[in-house]
Structures are given as C-alpha cells and as structure tokens.
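The structure under discussion appears below in the form of structure tokens.
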Amino acid sequence: MFLIPKKTLVQEAMSDKYIQAHYEDELSVCLEKMLKNNLDDIYILDEDKKLIGLLSLTDISRTKKSDLNNGNPIKNFMIKDMDTISKNESLLDCRNMMIKNKIARLPVVENGRLIGVIRSDQIRDCFYMKMEELGSKLNHIINNIHEAVCVVDKEGHVVVWNKNSEKLYNVKSDIIIGKKLEDFFPKGILLKVLKTKEAVDDVYHSPPRKDTDVIVTAQPIFIDGEFVGAVSTDRDITEVKRLSSQLQKANDALKFLENEVKKFSSDDFGNIIGKSEKLTKSIQTARQVAKTNASILILGESGTGKEVFSRAIHDYSQREGLFVPVNCSAIPSELFESEFFGYEAGAFTGANRKGKMGIFELANNGTVFLDEIADLPMQMQAKLLRVLQEKEIRRVGGEKTIKVNVRVISATNKELNGMIENEEFREDLYYRLNVVELNLPPLRERHGDIVILIHKFLKDICDQNSKPVPEIDPEVMGILRNYTWKGNIRELKNTVEHLIVLSKDDIITRELVPKYILENVNKTINCESYPMDLNQAISKLEQDTIKKALNMSKGNKAKAAKYLNIPRSTLYYKMEQYKIK
5 MFLIPKKTLV QEAMSDKYIQ AHYEDELSVC LEKMLKNNLD DIYILDEDKK
55 LIGLLSLTDI SRTKKSDLNN GNPIKNFMIK DMDTISKNES LLDCRNMMIK
105 NKIARLPVVE NGRLIGVIRS DQIRDCFYMK MEELGSKLNH IINNIHEAVC
155 VVDKEGHVVV WNKNSEKLYN VKSDIIIGKK LEDFFPKGIL LKVLKTKEAV
205 DDVYHSPPRK DTDVIVTAQP IFIDGEFVGA VSTDRDITEV KRLSSQLQKA
255 NDALKFLENE VKKFSSDDFG NIIGKSEKLT KSIQTARQVA KTNASILILG
305 ESGTGKEVFS RAIHDYSQRE GLFVPVNCSA IPSELFESEF FGYEAGAFTG
355 ANRKGKMGIF ELANNGTVFL DEIADLPMQM QAKLLRVLQE KEIRRVGGEK
405 TIKVNVRVIS ATNKELNGMI ENEEFREDLY YRLNVVELNL PPLRERHGDI
455 VILIHKFLKD ICDQNSKPVP EIDPEVMGIL RNYTWKGNIR ELKNTVEHLI
505 VLSKDDIITR ELVPKYILEN VNKTINCESY PMDLNQAISK LEQDTIKKAL
555 NMSKGNKAKA AKYLNIPRST LYYKMEQYKI K
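The sequence shown begins at 5 in our numbering and counts up one residue at a time.
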C-alpha cells in the first residue's frame with residue numbers, strides 16, 4: 005500500500021562515488037586521490053580486483069610523516085579486517101550494523117568485488133526523504149478524512165489541524181498550529197482529556213456556528229507508557245440529523261399508510277353504495293367541489309358514512325398528499341395540540357426523543373378529516389382557525405413555523421348552530437369550515453338502498469368468513485326494510501354479519517333477527533295495513549315487496565329477482581299467483 009513504507013534495500017541508497025587503489029600503490033598517491041576527490045576513504049583491491057581492505061583519512065592521520073614520503077605501498081597501512089554488506093540487505097539492518105560496530109561507512113560487495121559504498125550521511129538523507137514522503141501522505145490522508153481532526157501535545161499546543169477542522173470551526177491551520185488550543189476553545193473537550201488522561205466518546209455539542217451539530221470523540225496518546233498528547237475527531241452530523249428527521253417523517257408516513265391499508269382491508273365502505281335521490285344529490289355536489297380547495301362540512305347522523313364520503317372526496321380531488329382522519333372526540337384535551345401540530349424532541353416529559361409530526365404536517369398537500377368537530381375544545385378551535393387562515397403551524401416546543409397546504413373536511417352529527425348560540429363553538433371557525441355543506445340522509449330515508457346494501461354486505465362478509473352466501477327469507481327482507489336503522493349503515497352491516505354468523509342451512513330466517521329489531525318493526529307497522537290472519541299478512545307483505553322490487557327495477561324482472569334474492573322462476577310464479585302485472 006502507498007502509505008506503508010516498503011523495505012528499503014542497500015542498493016537503493018548506496019553511493020557510486022568512491023576511490024579504488026591497487027594494494028601496491030604508494031600511500032602518498034592514494035592520499036592525493038582522496039584529497040582531489042574530496043573523499044575520506046579509499047578501497048584497496050588485489051590482482052583480481054577484489055576488495056581486500058580500506059583506508060580512511062583518519063587512519064592516514066595516525067601514520068608517521070616519514071611513511072608518506074618513502075614510497076610505502078598502501079597495503080602496509082590498509083585495514084584488512086573490515087565489515088561489508090550485500091546490496092540486497094535492508095538499509096535498516098545496514099544502519100544497525102554501523103551503529104553496533106561504530107563505523108561511518110560500509111562497502112557494498114558482490115562476489116568479492118566492490119560495487120558501492122554506504123555512508124552514514126546517505127542513510128540519514130534516505131530516511132529523511134522517506135519521512136518527508138510518509139509525512140506528506142499522512143497529511144493528505146488527514147486532510148481528506150471526513151471528520152475534523154485535532155492533535156495536541158501534552159502542553160496543549162496544536163500540532164495537527166486538518167482542513168475539515170478549518171471548515172467546521174472557521175479557524176485556519178496556519179493560525180492555530182503551534183498555539184495553545186485553550187486560547188481558541190476555552191471549553192474544548194480535548195482540554196478535559198489533557199487533564200484527566202481519559203478517553204471521551206461520542207459527546208454531542210454545537211460549535212459557535214448556527215445550525216451545526218457535532219459528535220466528538222477524544223483519546224489520550226501514550227507512547228511506551230508515556231503520555232505525549234491527545235487526539236480528537238469531530239463528526240459533523242448536521243446532514244445526518246436532517247436525513248434522520250426525513251427518515252422519521254417517512255417512517256411516520258409509512259406507518260400511517262400501513263394503518264390505512266389495514267383499515268381498507270377490513271372496511272367495506274370503500275365505495276359509496278346507493279341510488280336514492282338524496283344520496284345521489286350529495287354525491288353530485290361532492291364531485292363538483294372535490295377538486296377545489298374549499299373546506300367542506302359533512303352533516304349527518306352517526307353511521308351514515310361521513311368518513312367514507314370524505315375519503316371519496318379526497319380520492320376524487322387527486323391531491324398528492326395523504327388522507328388523515330382524526331376523531332376529535334377520541335383525543336384527550338391535553339394532547340390536542342401535540343397531536344394536531346406535532347412536537348420537537350424533549351418538548352415535554354415522555355416525549356419521543358426524535359420529536360413527532362402532527363396530523364397537519366403529515367397531511368401536507370393532502371386532506372385532514374376532522375370527525376366529531378363539535379367536540380373540539382374552545383382553545384383548540386382558536387388555534388385551528390389560525391392554521392386555516394395562516395396556512396402554517398408551529399410544533400410544540402419549536403421556534404420556527406412550518407408552511408402547510410392542507411384541505412380540511414370536517415363532520416359532525418350535532419347541531420352546530422345551536423352550539424354557536426350557546427357559545428360552545430366559534431362562529432368564525434364555523435364559517436371557515438362550512439364553505440360547502442353536505443347533508444347525508446339517514447338510512448331510513450333511503451329505503452331503495454337498503455336491499456342493495458344488504459346484498460353487498462352479504463357477499464363481502466361471507467367472502468371474509470369463507471362461507472357460502474345464504475338466502476334471505478322474504479319475510480326477513482321485509483323486516484329489515486321496515487326497520488328504522490337508528491345506527492344507519494354501521495348498524496345495518498353489523499346486523500347482516502350477525503345474521504350470517506348464526507345462519508344454518510344456507511338460509512336466514514326470522515328466528516335469527518335480533519329481538520329489538522322485531523319489536524321496533526312491530527311498532528312501526530300499521531296493524532290495519534295487514535290482516536290478523538298470519539297467512540294473509542304474509543301474502544300481503546310478499547305482494548308489497550314484489551311490487552317495490554319491480555318499481556326499483558323499473559319493470560326489469562331479472563333485476564327485481566336479484567333484489568328479492570330469489571330465482572327468476574320463483575318471481576314469475578309469485579307474480580302469477582298474486583296477479584301482479
């Protein structure tokens with residue numbers, strides 16, 4: 005790898021500047037060569053040009069002056085017992101050998117012949133170059149580390165300050181390096197490590213730069229057991245925190261959608277079912293205003309399908325955001341604000357440490373359905389009015405406002421005008437919510453839709469319970485059509501499920517009908533309309549029911565038989581029996 009220093013061999017650092025002499029050459033001549041070439045050693049060769057000795061200026065200085073002038077050969081003065089080294093040895097081993105033997109040079113020999121010389125200054129220069137190269141690489145790495153890196157010596161002087169430190173703390177390295185860290189950051193976490201000589205892991209702090217979040221890890225530095233300084237790495241987690249917040253929002257949205265999918269999978273009111281005149285008129289109005297931004301107030305008794313209507317409006321509007329239903333009567337008064345507008349991390353005891361989005365933020369660019377709006381506390385009515393006017397919210401414990409684009413659909417089964425007169429509901433909020441008013445008719449005013457809904461519920465509930473669709477005794481169908489259905493569609497669905505669960509022999513008979521329904525029907529049926537004779541009463545009920553089915557189908561016998569849940573042949577037989585045209 006480029007950072008790990010490779011093993012440096014002698015041949016990479018050895019010098020080819022050296023003097024050689026024959027062992028018979030005169031000492032004075034050899035000295036002259038050394039002085040001329042400015043070298044302090046000379047290497048002596050034999051007849052085969054193999055190295056047999058060396059002589060240094062120091063060695064010559066120890067000889068007598070007369071020995072230089074008498075023509076003495078150098079072989080009489082050379083050092084024969086000398087250390088040599090191979091070119092393939094490591095430079096580090098070479099240095100260690102020179103230190104151990106207290107010599108300043110080593111001849112490099114191959115097959116007995118001199119091929120180079122290693123001197124102490126060459127080793128020093130080579131190691132300096134390697135250190136500079138390694139330092140340059142380390143400096144490059146440190147400056148490209150994503151974290152801000154700071155190293156101080158044991159006195160607290162800054163010795164390393166990388167480019168990310170400059171960027172994060174807005175202090176240039178040429179200003180801070182060599183200076184005491186305390187002069188720039190009096191409360192720096194690294195100063196604590198210098199005092200305690202103990203590590204600090206993952207400490208959060210915010211540097212003196214707005215909207216920046218940092219996690220600091222600092223460690224003491226010990227070399228051979230001696231404390232020499234400390235190092236810290238500071239991670240800028242501002243972007244990570246932002247992404248974490250976005251992820252939390254995405255998770256909230258995903259969780260909400262999962263709950264909505266569960267609702268759809270268990271709720272059979274995905275489409276508005278019915279053909280009565282009042283219902284059709286409400287549907288037409290809803291379609292007309294769905295693609296506008298107008299607030300809608302849906303009025304109707306409990307169980308008439310106000311949420312189903314609001315979902316249909318949202319889907320038809322093609323708004324990009326979510327449909328978020330909220331039951332105002334199910335939220336404790338002390339939690340209204342946090343549920344509606346969300347809260348920041350640590351806003352109150354027990355709050356999620358990551359904070360939480362409120363329903364308006366969750367439904368941005370979508371629809372909020374406020375069911376049971378009449379149960380909204382007065383103080384929240386004022387805050388809701390402000391949201392509708394300003395189109396912005398502020399989380400609990402937050403300081404900044406958040407723009408929202410939300411369409412509000414509200415619903416209630418209470419008389420809001422009376423509540424306004426009693427000062428239980430704000431009049432200005434009422435007019436904000438009631439730009440368009442939809443009145444959903446109760447089921448008792450939709451007699452033609454009861455049979456359609458019964459058949460729809462029969463099929464869906466049987467599919468869910470893996471049961472065959474049973475027949476309904478005509479008497480039972482007549483009872484269900486004449487019941488007042490105070491709980492409206494919700495009550496009808498529950499009753500059909502009750503009949504299916506208890507049915508035997510694939511037929512639903514009068515005995516399965518809940519007692520309270522039979523009692524209610526008995527009260528509402530005009531006794532004079534039916535004879536006391538049970539057989540005659542049943543015949544009259546059959547005739548009336550067949551006539552109504554034919555009226556609903558506009559004379560189409562196939563449709564009428566389907567409404568009555570009887571075979572077409574049976575319908576023909578009954579029509580002929582009762583002389584019905």
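For every residue, glycine included, the Cβ atom is placed at its ideal position computed from N, Cα and C.
Beta carbon of residue i nearer than 7 Å to that of residue j
i, j, result
"residue 346", "residue 362", "yes"
"residue 233", "residue 225", "yes"
"residue 359", "residue 343", "no"
"residue 105", "residue 87", "yes"
"residue 492", "residue 308", "yes"
"residue 47", "residue 58", "yes"
"residue 433", "residue 389", "yes"
"residue 294", "residue 317", "yes"
"residue 437", "residue 414", "yes"
"residue 340", "residue 384", "yes"
"residue 370", "residue 327", "yes"
"residue 15", "residue 91", "yes"
"residue 377", "residue 416", "yes"
"residue 586", "residue 120", "In the structure as shown, the chain begins at 5 and stops at 585. Residue 586 is therefore absent and cannot be evaluated."
"residue 511", "residue 480", "no"
Secondary structure of residue i, DSSP reduced to three states
i, result
"residue 37", "helix"
"residue 444", "coil"
"residue 525", "helix"
"residue 107", "coil"
"residue 161", "strand"
"residue 82", "coil"
"residue 582", "coil"
"residue 89", "strand"
"residue 2", "In the structure as shown, the chain starts at 5 and stops at 585, and residue 2 therefore has no counterpart that could be examined."
"residue 223", "strand"
"residue 19", "strand"
"residue 62", "helix"
"residue 13", "strand"
"residue 325", "coil"
"residue 473", "coil"
"residue 254", "helix"
"residue 43", "coil"
Host beta strand (DSSP E) of residue i (start-end)
i, result
"residue 26", "24-26"
"residue 123", "117-123"
"residue 236", "230-240"
"residue 334", "Run containing residue 334: none; DSSP gives neither H nor E here."
"residue 187", "Unbroken run through residue 187 is the alpha helix (DSSP H), 185-188; no beta strand (DSSP E)."
"residue 411", "411-416"
Residue i: first and last residue of the uninterrupted alpha helix (DSSP H) it sits in
i, result
"residue 483", "478-486"
"residue 373", "From DSSP, residue 373 is part of no alpha helix (DSSP H) but of the beta strand (DSSP E) over 371-375."
"residue 452", "451-468"
"residue 399", "Looking at the DSSP string, residue 399 is not in any alpha helix (DSSP H), and its letter there is neither H nor E."
Residue i versus the options, residue with shortest Cα-Cα distance
i, options, result
"residue 476", "163, 485, 321", "485"
"residue 159", "458, 186, 93", "186"
"residue 506", "203, 469, 576, 331", "469"
"residue 409", "386, 396, 545, 402", "396"
"residue 282", "558, 451, 483", "451"
"residue 65", "50, 54, 55, 45", "45"
"residue 407", "415, 365, 448, 417", "365"
"residue 126", "153, 95, 136, 115", "95"
"residue 612", "518, 321, 332, 453", "A query on residue 612 cannot be resolved here, the shown segment of the chain reaching from 5 to 585 and no further."
"residue 28", "67, 219, 78, 68", "78"
"residue 196", "170, 579, 223, 238", "223"
"residue 496", "453, 37, 513, 110", "453"
"residue 430", "63, 386, 404", "386"
"residue 555", "169, 585, 569, 540", "585"
Status (buried if at least 16 other CB within 10 Å, exposed otherwise) for residue i
i, result
"residue 83", "exposed"
"residue 174", "exposed"
"residue 526", "exposed"
"residue 310", "buried"
"residue 504", "buried"
"residue 531", "Residue confidence for residue 531 is low, a pLDDT of 44 falling below 50, so the modelled location carries little weight and cannot support an answer."
"residue 5", "Unreliable positioning characterises residue 5 in this predicted model, as indicated by a pLDDT of 37, which lies under 50. The coordinate reading is nonetheless provided below. That one is exposed."
"residue 577", "exposed"
"residue 236", "buried"
"residue 562", "exposed"
"residue 564", "buried"
"residue 315", "buried"
"residue 482", "buried"
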